Amino acid sequence: MGKKSYIRNVDKLHGILGFVISLLLVFRTNSAYDRWWEGRKLWGSLVNNSRNLALKLSAMLHDENDRAFFRKTIPAYATVLDVHLKDDKLSLQLFDDVILPESGHQPNHLAALMFARLNSLYQQKVLTGDQLIILNAEMQSFSEICGACERIKNTPIPYSYSAFIKKFIFFYVMTLPFGYAFSLGYFVAPIVVFIFYVLASLELIAEEIEDPFGVDENDLPTARIAENIRKHVAEVL
Numbered sequence: 000m001g002k003k004s005y006i007r008n009v010d011k012l013h014g015i016l017g018f019v020i021s022l023l024l025v026f027r028t029n030s031a032y033d034r035w036w037e038g039r040k041l042w043g044s045l046v047n048n049s050r051n052l053a054l055k056l057s058a059m060l061h062d063e064n065d066r067a068f069f070r071k072t073i074p075a076y077a078t079v080l081d082v083h084l085k086d087d088k089l090s091l092q093l094f095d096d097v098i099l100p101e102s103g104h105q106p107n108h109l110a111a112l113m114f115a116r117l118n119s120l121y122q123q124k125v126l127t128g129d130q131l132i133i134l135n136a137e138m139q140s141f142s143e144i145c146g147a148c149e150r151i152k153n154t155p156i157p158y159s160y161s162a163f164i165k166k167f168i169f170f171y172v173m174t175l176p177f178g179y180a181f182s183l184g185y186f187v188a189p190i191v192v193f194i195f196y197v198l199a200s201l202e203l204i205a206e207e208i209e210d211p212f213g214v215d216e217n218d219l220p221t222a223r224i225a226e227n228i229r230k231h232v233a234e235v236l
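Residue numbers (numbering that gives the first Met the number 0): 0 to 236.
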């Protein structure tokens, strides 16, 4: 009789473990969502800074060749950054004599082209020193946004932490029938399946959104954001 009472009290252990696993999953999901939301804020900043740079250049530049250069290169930076974060290869021909290399850090290369053009305009007295300083804030923000996105992408949540949660969920669910069979009877089978579905879904959601720059359905729509930047810059310049 005593042994049976011990077995019947296994559900109390599952109650404690359920509290622990819920804390782990909350931390796991929040950490993944914070990464996703930070990526969205960074791309929102890229949209705003691209617009601001285009607005300032629209007022400062009057030569059509100069305006056409930045009309292409400003939105191209968002496209190149999107491809860079997805680890794809891109050879983007902006002009007949300007081709981005297939290797190397393409966002840096494109930013260098834009800054070199601004410096050339300054040397030609098209832009004043004060205007160059005003434009420098947006130019500098491009590299800062790129670096922050790379930090998110290249610093994933430790694999050991994710693997531990998966193992914890598996063993927790597999032992649930022993704790609740006496009180739930045959209904324990569908309940265990449902609990496993909920816990596993939370872990899979966190795993999917922790890298917001991929091609999964719930990842950030960076390609669409880059296309919107192109439309907005074209309207201004």
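Cβ atoms here follow ideal geometry from the backbone N, Cα and C, with glycine treated the same way.
The model shown is predicted, which means the values in this text are computed figures rather than measured ones.
In three-state DSSP terms, what is residue i?
{"i": "Q123", "result": "coil"}
{"i": "D210", "result": "coil"}
{"i": "L198", "result": "helix"}
{"i": "L99", "result": "coil"}
{"i": "L23", "result": "helix"}
{"i": "T28", "result": "helix"}
{"i": "K85", "result": "coil"}
{"i": "I156", "result": "coil"}
{"i": "P220", "result": "coil"}
{"i": "D65", "result": "helix"}
{"i": "H13", "result": "helix"}
{"i": "L80", "result": "helix"}
{"i": "D129", "result": "helix"}
Once the 5 residues before and after residue i are set aside, which same chain residues still bring their CB inside 6 angstroms of it?
{"i": "D218", "result": "P211"}
{"i": "L56", "result": "F69"}
{"i": "M0", "result": "With a pLDDT of only 45 at M0, under 50, the local geometry of the prediction cannot be trusted, and no value is derived from it."}
{"i": "R229", "result": "P74"}
Decide if residue i is buried, meaning its Cβ has at least 16 other Cβ atoms within 10 Å, or exposed.
{"i": "F193", "result": "exposed"}
{"i": "Y76", "result": "buried"}
{"i": "T154", "result": "exposed"}
{"i": "G128", "result": "exposed"}
{"i": "S159", "result": "exposed"}
{"i": "R223", "result": "exposed"}
{"i": "P106", "result": "buried"}
Apart from the five residues on each side of it in sequence, which residues of its chain come closer than 7 angstroms, Cβ to Cβ, to residue i?
{"i": "M59", "result": "L126 and Q130"}
{"i": "K2", "result": "With a pLDDT of 49 at K2, under the threshold of 50, the predicted position of this residue should be treated as unreliable, though the coordinate-derived value follows. Nothing listed; no residue qualifies."}
{"i": "A111", "result": "none"}
{"i": "Y32", "result": "I208"}
Just tell me which of the options has its CA closest to the CA of residue i.
{"i": "E216", "options": "E207, S142 and G103", "result": "E207"}
{"i": "S30", "options": "F114, F170, S161 and L12", "result": "S161"}
Inset, instruction - Report yes or no: do three or more beta-carbon pairs, one from the region 200-214 and one from the region 152-169, lie closer than 8 angstroms? - result: yes
Legend entry - Cβ contact check for the region 142-153 and the region 32-50: 3 or more pairs under 8 angstroms: yes
Legend entry - Touch test, the region 170-179 against the region 77-84, Cβ-Cβ under 8 angstroms, three pairs minimum: no
Inset, instruction - State whether the region 184-193 contacts the region 10-29, with contact taken as three or more CB pairs (one from each stretch) at a distance under 8 angstroms. - result: no
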